[in-house]
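Accompanying notes for the structure given below.
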Amino acid sequence: MINKLPYLIQILIQWQLDPKMVIREYMAGRVILYNNEWTLLHEAAKLRDLKLIEILIMDLKANVNHQEYNKITPLHIAVENNLPEVVKILCTTFGADIEIKDQQNQTALQLAVNRRHHEIIQMLCKTFGATQDDINSALITAMQHNDFNTFKVLVNTCGADLIDHNNGVVPLHVAANLNTNNYVFIKKFILKKVVYECSQITHQIMVENLPYLIEWLD
């Protein structure tokens, strides 16, 4: 870490922290905390400082999945601030857990959907392996927010399921009850998808959803 020390010391002095104390605490297995248990790694993620992130995790053994008072991880910070390069290094290089939920019960993907950060949504789905349940749950959120663009990303890129139940909720049923400007677009999109995939739909699912399909076709 010797060649990295000047940079780390420069940052810590800039933040008005004692470099010796910080390094000593990290080497002893402790984490320097700010208000609400905010760590140096949270701050580095927010500042998009990839070099500092690397030093903190690789050399000072910072916990990449540390949750502050609101259960927010450095990955949540990167998603919130729409920083795909930070998301990439945290997940690819350091194995950040994308399934950890914050105090609002949001995974990284659900937070990205709420903020409409499409590049990060695609990264979490295609590159970092978001679960099907997480993707399907995110789809319901996008529909409830009248967010047709995110809805399309989740279906076309992430493979969100329009037919199966998601914790007792079926996207088709949610769409039938929409009363928004994007109602018609979502409705047509789902109908087209359902017809296209009709060979994969079981008889039971068709019977369950037939009233909604008939209502739409009136």
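Residue numbers (full-length UniProt numbering): 1 to 218. Cβ atoms here follow ideal geometry from the backbone N, Cα and C, with glycine treated the same way.
Secondary structure of Thr141 (DSSP, three-state): helix. Secondary structure remark: continuous alpha helix (DSSP H) runs of at least 4 residues inside the segment 54-123, in chain order: 74-80, 84-88, 108-115 and 118-122. For the pair of segments examined, the segment 88-102 was found to touch the segment 64-80: the number of CB pairs separated by less than 8 Å reaches three. For Ala142, the CB contacts under 7 Å within the same chain, skipping 5 residues up- and downstream, are Val113, Thr150, Phe151 and Leu154 in chain order. Note on Met21: under 16 other CB atoms within 10 angstroms of its CB, so exposed under the neighbour-count rule.
With a 10 Å radius around the Cβ and a threshold of 16 neighbouring Cβ atoms, Ile13 comes out exposed.
The residues Ile55, in chain order, have a CB closer than 6 Å to that of Leu8 in the same chain once the five nearest residues on each side in sequence are set aside.
Distance from the CA of Cys91 to the CA of Val174, rounded to the nearest whole angstrom, comes to 32 Å. Annotation for Lys46: the continuous alpha helix (DSSP H) segment containing it runs Leu40 to Lys46. Around the C-beta of Gln104, fewer than 16 other C-beta atoms lie within 10 Å, and the residue is accordingly described as exposed. CA-to-CA, the gap between Ile77 and Leu17 works out to about 22 Å.
For Lys152, the enclosing alpha helix (DSSP H) stretches over residues Phe148 to Asn156. In this structure, the straight-line span from the alpha carbon of Ala44 to that of His145 is close to 31 Å. Secondary structure at Leu12: helix, using DSSP grouped into helix, strand and coil. With contacts defined by Cβ atoms closer than 8 Å, Asp102 and Asn136 do not form a contacting pair. Classified as buried, Gln110 has 16 or more neighbouring CB atoms from the shown chains inside 10 Å of its CB. Glu119 sits close to Pro84, with the two beta carbons spaced by under 8 Å. Leaving aside the five residues that flank Leu50 on each side, the residues in its chain whose CB is nearer than 6 Å to its CB run, in chain order, Ile89. In the structure shown, the three-state DSSP call for Leu50 is helix. Straight-line spacing of the CA atoms in Arg115 and Val79 works out to 8 Å. Minimum Cα-Cα distance from Asn70 among the listed residues Asn81, Glu37 and Ala130 corresponds to Glu37. With respect to the 8 Å criterion, Ile23 and Leu52 are not classified as neighbours on the basis of their beta carbons.
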